[in-house]
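Per the numbering used here: the sequence shown = residues 243 to 399. Beta carbons: idealized from backbone N, C-alpha and C, even for Gly. Fair warning: this is a prediction, and the values are worked out from it, not measured in the lab. Notes follow the structure.
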Amino acid sequence: MTETTERKRRNVLVEGEKLRGADKVRRIPLKVIPTDELPTKPNWIRVKIPASPRINHIKQKLREHKLASVCEEASCPNLGECFSNGTATFMIMGEICTRRCPFCDVAHGKPNALDANEPTELASAISEMGLSYVVITSVDRDDLKDSGAQHFANCIS
243 MTETTERKRR NVLVEGEKLR GADKVRRIPL KVIPTDELPT KPNWIRVKIP ASPRINHIKQ
303 KLREHKLASV CEEASCPNLG ECFSNGTATF MIMGEICTRR CPFCDVAHGK PNALDANEPT
363 ELASAISEMG LSYVVITSVD RDDLKDSGAQ HFANCIS
């Protein structure tokens, strides 16, 4: 039996492992009712994805500073539009959430320890990116005594 199969069978969370899709919501009771017809999408819902060098610049800076963006982690369809317009939403305290909200695409699992350098890296990245608007949010960290409140305060001060 492989390690992944064994983990699924026992429902054990492994530190640093991101659970997505079926792995993330497998314990949530859900009844799926199949349909025969696929509904068609209206024409107005189809939009062109913005292509801008600024998108790659922001993504590169996120990687350099080892930061996460909720835009990427939650598979936001507006990422191109926001990054092109100089807006970014940073997600602090890691990329793995301790909760399993079915409406959210952020990975669930046992998160890594907090990065003590994250507040400094965040400030440097924001400065280097030349953003016009910044939002700071976080994953839920129910594993921490203060739920990460002190780390959040360090990041915004």
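| query | result |
| --- | --- |
| With DSSP collapsed to three states, give me the class of His299. | helix |
| According to DSSP, simplified to helix, strand and coil, what is Leu386? | coil |
| My output table needs one value for Glu323: the three-state DSSP class, helix, strand or coil. | helix |
| Counting Cβ pairs, one atom from each stretch, are 3 or more of them under 8 Å apart for the stretch 318-336 and the stretch 368-377? | yes |
| Determine the DSSP secondary structure at Val376, reduced to helix, strand or coil. | strand |
| CB-CB under 7 Å to Met335, same chain, minus the five flanking residues each way: which ones, in chain order? | Leu356, Ser380, Val381, Arg383, Gly390, His393 |
| Hey, how far is the Cα of Asn285 from the Cα of Ile291? | 15 Å |
| Check the C-beta distance from Val267 over to Arg342 and give it rounded, since I have them as a contact under 8 Å. | 6 Å |
| I'd like the span of the alpha helix (DSSP H) that includes Met335, first residue to last. | Note, Met335: premise wrong, no alpha helix (DSSP H); not H, not E. |
| Label Glu279 either buried or exposed according to how many other C-beta atoms from any shown protein chain fall within 10 Å of its C-beta, with 16 as the threshold for buried. | exposed |
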